[in-house]
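Numbering (UniProt numbering), first residue to last: 1 to 64. Glycine residues also receive a C-beta, built at the ideal position from the N, C-alpha and C atoms. Okay, so here's the structure we're looking at.
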(Lines of atoms letter the chains of each structure in order from A and count residues from 1; the text may use other names and numbers.)
(Lines give C-alpha, C1' and ligand atoms only; values in the text may rest on other atoms or scores of the structure.)
Protein backbone atom coordinates (compact mmCIF):
# COMPACT_ATOMS: atom_id res chain seq x y z
CA UNK A 1 0.00 0.00 0.00
CA UNK A 2 1.41 3.36 -1.03
CA UNK A 3 0.70 6.54 0.84
CA UNK A 4 -1.48 8.78 -1.36
CA UNK A 5 -0.56 12.40 -0.71
CA UNK A 6 -0.81 15.38 -3.03
CA UNK A 7 0.49 18.86 -2.34
CA UNK A 8 -1.05 21.87 -4.06
CA UNK A 9 1.67 24.51 -4.44
CA UNK A 10 -0.98 27.18 -5.13
CA UNK A 11 -2.87 26.50 -1.91
CA UNK A 12 -2.91 29.05 0.90
CA UNK A 13 -2.28 26.10 3.25
CA UNK A 14 1.40 25.41 3.92
CA UNK A 15 2.75 22.21 2.29
CA UNK A 16 3.64 20.64 5.66
CA UNK A 17 0.06 21.20 6.85
CA UNK A 18 -1.35 19.67 3.66
CA UNK A 19 0.77 16.56 4.27
CA UNK A 20 -0.14 16.40 7.98
CA UNK A 21 -3.85 16.77 7.31
CA UNK A 22 -3.94 14.15 4.56
CA UNK A 23 -2.05 11.58 6.63
CA UNK A 24 -4.28 12.26 9.65
CA UNK A 25 -7.41 11.90 7.49
CA UNK A 26 -6.17 8.59 6.07
CA UNK A 27 -5.49 7.28 9.58
CA UNK A 28 -8.94 8.34 10.81
CA UNK A 29 -10.71 6.82 7.80
CA UNK A 30 -8.83 3.53 8.13
CA UNK A 31 -7.13 3.92 4.74
CA UNK A 32 -3.81 3.61 6.55
CA UNK A 33 -3.90 0.50 8.73
CA UNK A 34 -2.67 0.33 12.30
CA UNK A 35 1.07 -0.23 12.28
CA UNK A 36 1.59 1.30 8.83
CA UNK A 37 5.16 2.53 8.59
CA UNK A 38 5.48 5.99 7.07
CA UNK A 39 8.15 6.51 4.40
CA UNK A 40 11.47 8.00 5.40
CA UNK A 41 11.59 11.78 5.47
CA UNK A 42 14.13 12.02 2.66
CA UNK A 43 12.48 9.39 0.50
CA UNK A 44 9.02 10.89 0.86
CA UNK A 45 10.35 14.41 0.26
CA UNK A 46 11.94 13.17 -2.96
CA UNK A 47 8.68 11.58 -4.10
CA UNK A 48 6.77 14.79 -3.41
CA UNK A 49 9.45 17.11 -4.80
CA UNK A 50 9.69 18.96 -1.49
CA UNK A 51 12.44 19.78 0.97
CA UNK A 52 13.10 17.15 3.61
CA UNK A 53 12.45 19.76 6.32
CA UNK A 54 8.88 20.16 5.04
CA UNK A 55 8.12 16.47 5.44
CA UNK A 56 9.94 16.36 8.80
CA UNK A 57 7.79 19.26 10.03
CA UNK A 58 4.62 17.40 8.98
CA UNK A 59 5.77 14.24 10.78
CA UNK A 60 6.58 16.23 13.94
CA UNK A 61 3.13 17.85 13.81
CA UNK A 62 1.54 14.39 13.62
CA UNK A 63 3.44 13.29 16.72
CA UNK A 64 2.02 16.09 18.85
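Length of the line joining the Cα atoms of residue i and residue j
i	j	result
residue 37	residue 59	12 Å
residue 46	residue 14	18 Å
residue 16	residue 55	6 Å
residue 12	residue 28	24 Å
residue 7	residue 50	9 Å
Residues of its chain near residue i, where Cβ-Cβ distance is below 8 Å and the 5 sequence neighbours each way are ignored
i	result
residue 23	3, 5, 32, 38, 58, 62
residue 52	41, 42, 45
Three-state class that DSSP yields for residue i in the structure shown
i	result
residue 5	coil
residue 31	coil
residue 46	helix
residue 54	helix
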